[in-house]
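Number of protein chains: 2
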Amino acid sequence: MFDPLLHQNIRSKLVSLLISNDELPFKALKETLGVTDGNLSSHLSKLEKEKYIAIEKTFEGKRPKTMVKIAPVGRKAFEAYIEALRAFIEEN
Amino acid sequence: MFDPLLHQNIRSKLVSLLISNDELPFKALKETLGVTDGNLSSHLSKLEKEKYIAIEKTFEGKRPKTMVKIAPVGRKAFEAYIEALRAFIEEN
DNA sequence: CAAAGTACTTTGTTTTGCAAAGTATAATAT
DNA sequence: ATATTATACTTTGCAAAACAAAGTACTTTG
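The listed protein sequences derive, respectively, from chains C and Y.
The first sequence: position 45 = 45 (my numbering), numbered continuously.
The second sequence: position 82 = 174 (my numbering), numbered continuously.
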């Protein structure tokens, strides 16, 4: 079974981005993924709930800034997911 | 965007099985995938609706037998999906 | 200081994914 | 002969997911 948290269009790319960039602001994720604020927000919540990512709320001057980081659990899960995909591809 | 019809746990495996075996009976799919009848039935309907597969209802003696075959659209889509996965893996 | 913008979150609706229940026929036991 | 169980599915109902629209809380700008 592919990890259902990762085997989804937006989340697989989201986590992939976080693996490559280690941390990214909400806005950058939103623009790169081409999703609405609400949609991104709920995907982030889902990933945070399972400790795949960590969300840090800071301030950039006076404006709120949400920083999203990959967490150890998420990194491991993603690696396993990529391995699973690789195995799936091999047999196809 | 990964093809949402294929980027799903059960359906990706289902179509993969059909690519390898060309045609399979309902029962074999059900057992191999480890899903309930209802669940399989609805996934098949979804794939059939988009012409990814073809469903043939025949009789084995006096009992109904549902045969599932991969269709050209499905084969192409699956190949493209595998390519997309490959590309995704490459960059991760 | 009103209007518009920024950075999100919450709410509401549609779509999925699934199991339980239903349908129809066949085989088997009584 | 007929009730019971089994086979092969499909339909229904419901909980969870995915998404956009609306809401919240500020802040900057005209």
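In this text, a Cβ means the ideal position worked out from N, Cα and C, and glycines have one as well.
A quick note: this is a predicted structure, and the numbers were derived from the prediction, not measured.
Shorter than 8 Å from the beta carbon of residue i to some beta carbon of chain C?
i, result
"PRO164(Y)", "no"
"MET93(Y)", "yes"
"ASN184(Y)", "yes"
"ILE145(Y)", "no"
Using DSSP's beta-bridge definition, name the partner residues of residue i.
i, result
"LEU24(C)", "VAL68(C)"
So, does the CB of residue i fall closer than 8 Å to a CB anywhere in chain Y?
i, result
"ARG86(C)", "yes"
"SER42(C)", "no"
"SER45(C)", "no"
"ASN39(C)", "no"
Taking only heavy atoms of the ligand MN into account, decide whether any of them is closer than 7 Å to the Cβ of residue i.
i, result
"VAL15(C)", "The ligand MN is not part of the structure shown, which contains no ligands of any sort."
Worksheet entry | Entirely enclosed beta strand (DSSP E) segments - the segment 132–172 of chain Y, minimum 3 residues | 145–152, 155–162
Discussion item. Output needed in chain order: residues of the segment 3–26 of chain C with a Cβ under 7 Å from some Cβ in chain Y.
Written reply: Hits within the stretch, in order: PRO4, HIS7, ASN9, SER16, ILE19.
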